[in-house]
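Numbering-wise, my numbering comes out as the position in the sequence shown, counting from 1, plus 265.
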Amino acid sequence: MKTESEQVFEAFCEQHGLRFRRIPVASKKSPDYGLSANGIDIIVEVKQLDESQDDKHRLERLSAGETIVDFDFTDDRVAEKIKRAANQLRPHSKNGLATVVCICDMRRLGGISPDNVKVAMYGTETAILEKRNRRVVAVRPIAPGGKRQCTPTTNTSISAVALLSCDQEQLRLRVYHNDYARVALSPQCLKDVSVGQYRLNPDRLPYDWQRLTVPSVSVVDAE
């Protein structure tokens, strides 16, 4: 039986004329879909982000008119989805195929941000203070920190992390490329689909997502 997120993924593919096929379940490590886009084969693992008990409680408080300020654990939850998907995608990456973790946020108070993805992939943003005689004399630019899922030696089987969301009944896709991927996802494979594609180099400034410009398509910003 298909999950809600798998139904959303298939609906997006059908809307944009993307050829897809379900991959037979051989084990718990089997990914969900094979996708063909502009002659490029891509393996896709669809992950669903459901409401936690904290999410439900937060919604109840908001519905009751409360103003709430609390910590958002979305970074950690996205990181966990990436970590689990990597095991399912690794055999296909080793065979030379591009792979994508597609995360569908099904929460009523959903909205995974680009920063959530950046922290999940490359770690908590860190600024190093340089001190002299107990005084701060310089602040180094923000750089990757701890808890990162994507490094030169970790989860290189993931070519990109994609966010699929439904905003006012319109399906939108954002793709965040992994700079450390064993097999890079060519931006050209989605040139005929209105998606936002982004990349950052963790070792260079600015340490933020940069929009990729892909010729031959009018791209709609998914933010």
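Glycine residues also receive a C-beta, built at the ideal position from the N, C-alpha and C atoms.
C-beta contact flag for residue 350 and residue 366 at 8 angstroms: yes
Would DSSP call residue 382 helix, strand or coil? helix
Considering just the uninterrupted stretch of the alpha helix (DSSP H) at residue 368, what are its terminal residues? Note, residue 368: premise wrong, no alpha helix (DSSP H); beta strand (DSSP E) at 363-370.
Inter-residue Cα distance where the pair is residue 399 and residue 341: 34 angstroms
For residue 349, which three-state DSSP category applies? helix
Counting along the chain, where does the alpha helix (DSSP H) carrying residue 453 start and finish? Residue 453 -> no alpha helix (DSSP H), and no H or E assigned at all.
Can you grab the Cα-Cα spacing for the pair residue 468 / residue 408, in whole Å? 8 angstroms
Can you give me the start and stop residues for the beta strand (DSSP E) that residue 395 sits inside? Looking at the DSSP string, the run of the beta strand (DSSP E) that includes residue 395 is 394-397.
Quick one: what does DSSP say residue 490 is sitting in, helix, strand or coil? Summary: the structure shown does not reach residue 490, with the chain confined to residues 266 through 488, and so no result is reported for it.
Buried or exposed: residue 269, going by 16 or more other Cβ atoms within 10 Å of its Cβ? So residue 269 ends up on the exposed side.
Segment contact, 8 angstroms Cβ cut-off, at least three pairs: the segment 444-457 with the segment 352-363: yes
Which residue from 314, 362 and 443 puts its Cα closest to that of residue 301? If we check each option's Cα against that of residue 301, 362 comes out closest.
In the DSSP assignment, find the unbroken beta strand (DSSP E) run with residue 301 in it and report its ends. For residue 301, the enclosing beta strand (DSSP E) stretches over residues 298-302.
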